[in-house]
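Scroll down for the structure; my scribbles are underneath it.
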Amino acid sequence: MGMRRNLAALTATAALVGGAAAMAPAASAASGGTAPACISRTVYSQPDFQQVSLYNRCGKTMHVNIVVKAGGDMGCKTLTNKHGLIHTINWGRYQKTVVC
């Protein structure tokens, strides 16, 4: 239980530091190529779940999707410049981040 509490605190801190991401679900989350290096990715792995933190340093708004192996993808999200988001994966494992 302590690990989940710590992860929840980390999530809250990241949301405050990174700012709220402007996220709009797309009608269709078509996968494109791998997201560029200006989209930083950090994966926090736990035995029961993973959390993926993305941060946009591209200088412009980007549209990204987290691809999950053996699980449901995040769906296309809009990530404005200098903002981040955190996505929790309960089923499957993080595979990659793509533009959409």
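As numbered in numbering that gives the first Met the number 0, the sequence shown has no gaps in its residue numbers, which increase by one up to the final residue, 99. Every residue, glycine too, gets a C-beta built ideally from N, C-alpha and C. Here the structure is a predicted model, which is why all the values come from computation and not from measurement.
| Query | Result |
| --- | --- |
| CA-to-CA distance, G32 to T96, given in whole angstroms | 9 Å |
| Identity of the residues DSSP links to Q45 by a beta bridge | BP columns for Q45 are empty, so no partner. |
| DSSP-derived helix/strand/coil call for R40 | strand |
| Own chain partners of N80 with C-beta closer than 7 Å, once the 5 adjacent residues on each side are dropped | N55, C57, G58, K59, T60 |
| Other residues of its chain near Y109: CB distance less than 6 Å, five sequence neighbours each side excluded | The displayed coordinates of the chain run from 0 to 99. Any statement about residue 109 would go beyond what the structure contains. |
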